[in-house]
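One line per chain: the protein sequences are A and B, in this order.
With my numbering, the residue at position 96 of the first sequence is 96, and numbering never jumps.
Positions in the second sequence are counted from 1; adding 1000 to them yields my numbering.
Protein chains: 2
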Amino acid sequence: MSETGSAETPTAARPYHHGDLSRALVAAGRRILEADGPAALSLRAVAREAGVSPAAPYHHFKDKVELLDAVAEEGWHELGEAIAKGRAAAPTPRSVMSEIGVAYVRFARENPALYRLMYHAACDRAMMPDHAKDDNSAWRHVEEALIEAGADPADEQEMKLAQIAAWCTVHGVAEMAGFKEFEPLREAMGGEEPFVRALINHVGIFARRTRAHHD
Amino acid sequence: MSETGSAETPTAARPYHHGDLSRALVAAGRRILEADGPAALSLRAVAREAGVSPAAPYHHFKDKVELLDAVAEEGWHELGEAIAKGRAAAPTPRSVMSEIGVAYVRFARENPALYRLMYHAACDRAMMPDHAKDDNSAWRHVEEALIEAGADPADEQEMKLAQIAAWCTVHGVAEMAGFKEFEPLREAMGGEEPFVRALINHVGIFARRTRAHHD
DNA sequence: AGATCATCTTGACGCCGTTCAGATAGCTGT
DNA sequence: ACAGCTATCTGAACGGCGTCAAGATGATCT
């Protein structure tokens, strides 16, 4: 591991063929995203940050889009992990959904630029990320949590509806929890976390019955 | 009204100073947005579509952003109108919220690129559009509808929470209702409209109690 | 008529995404 | 050890972008 450079941090001078550019590019992308915002996230800037020429990325990604997709996918993976933690930390089965929602929003609010990139990519192709059926995906966690919370797995339609509705709500909260006009209310409730919690618990699916109701 | 050109459609040759460029630019922007998608929405393309030089817009908008903001604002205005219609069409007071939600999502789904532009702008400045307190704004309509549906205007915190939660949910639904993985369910429910309706009615706030519950 | 002033055009700058021909070096088989 | 192969990276170039400064144009006012 001296300097042949398959490691992730080739502190030595570039091994000239750099070892592992694709990973380095994704990392550089995330760094730029967090440091300078999404407007600064150009292919050239990523290449610059990684220390290679502007054309180098094209040997690893066919597109700028494909590179950003890779960054987004990393985000989805981490979101899955964050949700898994929230799920595990739930005190009772009935609170699992709520805890997942809070964890989801917390991740989005702690990585706002990344989260926006993730959803931008998803909306562009009008679907969830491909690995949404992986065991540890955020999507899968919600599905399982619903069952855990008492939903009836036999009623597929009802299950799906609940899952989608829950997802839509937390997504909305994630995007708007920081809006300025909510600041008085946020303050009154003791900060963003309680505010988000109240918001989520306010929406039926999370805090209350998980079965159908059709009046 | 022969050709002096303060009208909105100067069918005659450009009155050379064009009459009303700012409006024409916004219209051109919307046309491009719907026809060629958001990726094609460049300042130069808008100028081209309006038949002026690339620098001309700078005499009416300080920025590309400011132009797009104007397009977005037009969108918010129309969303307000769409919601007003949905609200008026509600059969019972208890169904007002639900009808508003459906109208909201319908507008977003019928103008997807415009809606995305609107929300992009809103998220960028982390707040609703400035005219959110206008009498006919979408935001205001939700507030009034909540009261109409039986919410207690005295409990300000509860009111705000319900309003925000409802908004977050419809926004989420608006952005994801068209996702591909939901297609089987959408079909099974008879198309997008019933699907959206079910989703919205699924989420407490819209179909059920509007008062607090705190367990 | 002449002056004023908002409006529009021309031309330029630097940055962007992307491509392509060529340089570089690790790998393979001998 | 050497030659060739192939993956990887560089340099230079293209058109398009947002933006700006300088000049042209014409409506309006006196």
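Think of the CB as a built atom: it goes at the ideal place given N, C-alpha and C, for glycine as much as any other residue.
Owing to the predicted nature of the structure, the values given are computational and were not obtained by experimental measurement.
Using a Cβ cut-off of 7 Å, pull out every chain B residue sitting near residue i, in sequence order please.
| i | result |
| --- | --- |
| H235/A | Outside the displayed span of chain A (1 to 215) sits residue 235/A, for which this structure offers no information. |
| T169/A | C1168, T1169, G1172 and V1203 |
| A126/A | G1178, F1179 and K1180 |
Since residue i contacts residue j with CB under 8 Å, what's their CB separation in whole angstroms?
| i | j | result |
| --- | --- | --- |
| V71/A | L21/A | With a Cβ gap of about 14 Å, V71/A and L21/A do not count as contacting. |
| E99/A | G80/A | 15 Å between Cβ atoms; not a contact. |
| V1203/B | Y1104/B | The pair is not a contact, with the Cβ atoms about 13 Å apart (cut-off 8 Å). |
| R94/A | A149/A | 6 Å |
| P1038/B | A1122/B | That belief does not hold up - the Cβ atoms of P1038/B and A1122/B are roughly 15 Å apart, past 8 Å. |
| R109/A | E192/A | 7 Å |
| L161/A | A1188/B | At roughly 11 Å, the Cβ-Cβ gap does not stay under 8 Å, so L161/A and A1188/B are not in contact. |
| H1131/B | I1083/B | That pair is no contact at about 14 Å. |
| A126/A | F1195/B | Between F1195/B and A126/A the Cβ distance is about 14 Å, and since that is not below 8 Å, they are no contact. |
| V1065/B | P1057/B | In fact, because the Cβ distance is near 12 Å, the residues do not count as touching under 8 Å. |
| L146/A | M128/A | No, L146/A and M128/A are not in contact; Cβ-Cβ is about 16 Å, not under 8 Å. |
| G172/A | G1172/B | 4 Å |
| L25/A | L67/A | 6 Å |
| I200/A | F1182/B | Actually they do not touch by this definition, with Cβ atoms about 22 Å apart. |
| Y115/A | A27/A | In fact, because the Cβ distance is near 18 Å, the residues do not count as touching under 8 Å. |
| L41/A | I32/A | 5 Å |
| M176/A | C1168/B | 6 Å |
Which bits of chain A does residue i rub up against, with CB to CB less than 7 Å?
| i | result |
| --- | --- |
| K1160/B | L185 |
Just to make sure I have the definition right: I need the residues of chain B whose C-beta is within less than 8 Å of the C-beta of residue i. Which are they?
| i | result |
| --- | --- |
| Q163/A | By Cβ distance, chain B contributes nothing, its closest Cβ being about 10 Å from Q163/A, past 8 Å. |
| L199/A | L1161, I1164, A1165 and C1168 |
- [ ] May I ask you to list, following chain order, the residues of the segment 171-188 of chain A that have a beta carbon less than 7 Å from some beta carbon of chain B?
- [x] H171, G172, V173, E175, M176, G178, F179, K180, E181, F182, L185 and A188
TODO: Report the residues of the segment 90-118 of chain A with a CB closer than 8 Å to any CB of chain B, ordered along the chain.
DONE: R116
- [ ] Identify every run of the alpha helix (DSSP H) within the segment 102-138 of chain A, keeping only runs that are complete inside it and at least 4 residues long; order them along the chain.
- [x] 112-124
Task: Uninterrupted beta strand (DSSP E) stretches inside the segment 175-199 of chain A (no shorter than 3 residues) - done: none
- [ ] Could you tell me which uninterrupted alpha helix (DSSP H) segments, each at least 4 residues in length, are contained entirely in the segment 37-78 of chain A, listed from first to last along the chain?
- [x] 43-50
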